[in-house]
Structure formats: C-alpha cells, structure tokens
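Number of protein chains: 2
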Amino acid sequence: METTMILPFSQLPFCPPKPCRSSKASPFRSWKQRNSRPTRFNCQKMYVPGFGEASPEAKAAKNLHNFFNYIAVKIVSAQLQSYNPEAYKDLMEFLERHSLNDGDKFCADLMRESARHQSLALRILEVRSAYCKNDFEWDNLKRLVFKGVNEANTKLMRDYVSETTRVESEK
Amino acid sequence: METTMILPFSQLPFCPPKPCRSSKASPFRSWKQRNSRPTRFNCQKMYVPGFGEASPEAKAAKNLHNFFNYIAVKIVSAQLQSYNPEAYKDLMEFLERHSLNDGDKFCADLMRESARHQSLALRILEVRSAYCKNDFEWDNLKRLVFKGVNEANTKLMRDYVSETTRVESEK
C-alpha cells in the first residue's frame, strides 16, 4: 500500500519531466549517475498547490513556532509556580487576557506590560529557543508521524471493510 | 542568549537530580562515563506540564498528521483537475460540506459517500503516506523552525529596545 495506486508522475501534466540528456553526451556515466541529478530528483516530488511562494515546510514551521511558544509558557509557568508565586500570578493574569495563538504577539505584548512582565517575556524567549534546540525530540516526531499515518490508514480501511462485509452478510 | 537566563535545572524542585552513585563503587570509570547514564540525561530536560500521558512530540505529530491529510487533498485535487474533471467536481463538492480539521474523519466520511468517492479516499490515504515519507523535507522543517525562533527572538528584543530608546530620548 505504498505508492502503487498513485498515478505515475510522468503521466501528470503539471510536472513535465526534464528532457534526458542523450547518453552519447556522457557514454561512460552509469544509469545511477545519470539519474541522480538534483533537477530530476526535485521534479519527481508531488506538486502541492495553494502555498504561493511559501512551502508546506514553512507553513508547518510557523505552526511549530507558535507551539514552542506555548510550550515555553507552560514550562516557565510551572517553574514559577513553585519558587516565585508573585511572578506566576502575573503570568496567569496576563494569560487570561491574551491569546497564545500568535506567540510573537503574545511575547511583544508581555514585554510592554511592565518591567516585571518584561523579564518574564525574555525568559519565555530563552526557553522556547532552548526547548526547540535541545529538548524537543525531532526524530521522535518524525517516527510518531509515520507510525500515526500508517496506523490510521490501516484502521480506516479495516473499519470500512468490516462495516461493508457486515452489511453484505446481513442482506 | 542561549540558556544563560534559565534557572539551573538542579535548582528546580520538579526535577530532582538522581543521587550520584559513590565514586567508590566504580573508581576506574571516567567522569564522562559516570555522567552519561540515560537516567541523568532525561532528567536534564525541562519539565513540560499539561500533556498528561502524551508528550509535546505526540501532540505535534497529531497536528502534522492532519496537515499531511490537508496536503494530500490539495495534491489529489490538483492532479484530478487536469485529467479527471468529474472526480475533481466530486471532491470539491464534498470539501464544501466537510471540514478538513480532522483528517481521519474526513477520509472515513469520504469512503462512505459513494463508490467513486471511495477510490478518492483511498488515493488520499496513499498520497498522505507517500508525501510524509518521501516528499516532506523534515530537515528543512527543523532548520526553518530554528531560524524562525532565532530571528523572531532577535526582532522582538530589537523592536522593544528601539521603542524604549526612542521614548527615553523624547523625554
């Protein structure tokens, strides 16, 4: 169930294959060498419309950016709760009035609230940088996504088959 | 501006350091060997509350799962638009009535709509699996997130400093 059902890319009109150079031009290069040019490789990717000049990676990075800001706020608030109740209260009150959906706007507003809030904001900036670089398990994320997609695909097909088989046998 | 402002982890009450074994127990092990046990390494991560038994990685993977489903729908609709206008129309009409927020629910509903829609759903399952495994640039995602966090942190601090400097000089 990997890519067998997908239309071969050469048949798709939106990704015209680069014309192959004549093998006469370099008769001694192996098949692998001839076919491993970056231009060919890029062209074999599926075309994803609707991202304009950005890319799916940039879109996902933007979402993760806000997610790491959310995580940093969680981390800092948990740290403050135990050793600095006053700063914790400041942060909680601020959180009630400001959304975390846009992480950068949240930090910009927090910085301008008061001197005490400013140091909280600087700390959140530090933590989000340290968290994404040192603590977040990128390989684990990739593994979990692959596993999730595989399992969900199997489950969706199994559920559908068992459902339709039941309906057939009840007829 | 890396981790200098973060409280040393040993001072934080929620992550008690594992008691070090007496060096007498293994006097010939180097410092590096004694300190490279996985238990110590795990403990040096920042504590992230609020994820219950899940993890930030699992949460991010779930979001990416739905994102890849969205991408797969975009890819399939672009492919159909040019060579199968009828199937394209089916998909567009279905999209108007169903949300893409929950990718698995979308596919489950699409499968049960009609036999024609069923093959569309199977194709979306194929494409989302192939896309996340072969086409999505995971290393690029990581690079873009690091770059985005660094640049946003610098910009937030620079904007704040230039703003407050201007206010000071206007006084």
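If you read the protein sequences in the order shown, they are chains X and A. With the numbering used here as the guide, the letters of the first sequence map in order to residues 1 to 171. With the numbering used here as the guide, the letters of the second sequence map in order to residues 1001 to 1171. Ideal placement from N, C-alpha and C gives every residue a C-beta, glycine not left out.
Straight-line Cα distance separating residue j from residue i
| i | j | result |
| --- | --- | --- |
| A/Pro1008 | A/Thr1165 | Unreliable positioning characterises A/Pro1008 in this predicted model, as indicated by a pLDDT of 37, which lies under 50. The coordinate reading is nonetheless provided below. Cα-Cα distance, rounded: 31 Å. |
| A/Pro1056 | X/Ile71 | 8 Å |
| X/Ala130 | A/Leu1144 | 15 Å |
| A/Ile1124 | A/Cys1107 | 8 Å |
| A/Ala1054 | X/Asp90 | 28 Å |
| A/Ser1026 | A/Asp1139 | With a pLDDT of 39 at A/Ser1026, under the threshold of 50, the modelled position of this residue cannot be trusted; read the value that follows with caution. Between A/Ser1026 and A/Asp1139, the C-alpha separation is close to 40 Å. |
| X/Phe68 | A/Lys1155 | 17 Å |
| A/Asn1066 | X/Glu163 | 24 Å |
| A/Ser1114 | X/Met157 | 15 Å |
| A/Asn1134 | A/Lys1105 | 24 Å |
| X/Tyr160 | A/Tyr1160 | 56 Å |
| X/Lys59 | X/Phe146 | 19 Å |
| A/Ser1119 | A/Tyr1083 | 15 Å |
| A/Val1051 | A/Asn1063 | A quick correction: the sequence has Phe, not Val, at residue 1051 of chain A. Straight-line Cα distance between these residues: approximately 14 Å. |
| X/Glu168 | A/Pro1085 | 32 Å |
7 Å Cβ shell around residue i - same chain, five flanking residues per side excluded
| i | result |
| --- | --- |
| A/Asp1109 | His1098 |
| X/Pro38 | With a pLDDT of 43 at X/Pro38, under the threshold of 50, the predicted position of this residue should be treated as unreliable, though the coordinate-derived value follows. None. |
8 Å Cβ cutoff met for residue i and residue j
| i | j | result |
| --- | --- | --- |
| A/Ile1075 | X/Tyr88 | no |
| X/Ala61 | A/Leu1080 | no |
| A/His1117 | A/Phe1136 | no |
| X/Pro49 | A/Ala1078 | yes |
Residues near residue i by beta carbon distance below 6 Å, same chain, minus five either side
| i | result |
| --- | --- |
| A/Asp1102 | none |
| X/Met111 | Gln118, Ala121 |
Contact set for residue i: own chain, Cβ-Cβ below 8 Å, skip 5 residues either direction
| i | result |
| --- | --- |
| X/Val73 | Leu91, Leu95, Leu100, Phe106, Ile124 |
| A/Glu1170 | none |
Proximity test, Cβ basis, 8 Å: residue i and chain C
| i | result |
| --- | --- |
| A/Arg1128 | In the structure shown, chain C cannot be found, because the protein chains are X and A. |
Legend entry - Three CB pairs or more closer than 8 Å across the region 1122 to 1129 of chain A and the region 1148 to 1155 of chain A: Not touching, per the Cβ criterion.
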